[in-house]
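Heads up: the structure comes next, in structure tokens.
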Amino acid sequence: MTMQSLLLPNGFTPESEGWEVMFGSGMLSPNLAAVPEIDPNSFGSAFTLVLGALGLLERRARAKAA
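Just so you know, we're using my numbering here: the sequence shown kicks off at -18 and counts up by one.
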């Protein structure tokens, strides 16, 4: 029988909390260490939202000036 995963009471893995778990037998935790990944698409959508908000502010300012 092998261990599939190790979860804390809050549902997180020890590795996601920054801990490395080693058992008395020398076996490391069966959980895969989380590798942070940056999604490039998230920057594009955030940039688009900022540009859209600036465009709306510019239109509002031009409407008040006219």
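Using N, Cα and C, we set each Cβ at its ideal position, and we do this for glycine too.
None of the values given here were measured: they were computed from a predicted structure.
In whole angstroms, what is the alpha-carbon distance linking residue i and residue j?
i      : j     : result
G7     : S26   : 45 Å
P(-5)  : R43   : 54 Å
L(-12) : L9    : 14 Å
L37    : L30   : 11 Å
I19    : A46   : 42 Å
R41    : S(-3) : 45 Å
N(-9)  : E39   : 46 Å
According to DSSP, is residue i helix, strand or coil?
i      : result
L(-11) : coil
Excluding the 5 residues flanking residue i on each side, which residues of the same chain have their C-beta closer than 6 Å to its C-beta?
i  : result
E1 : none
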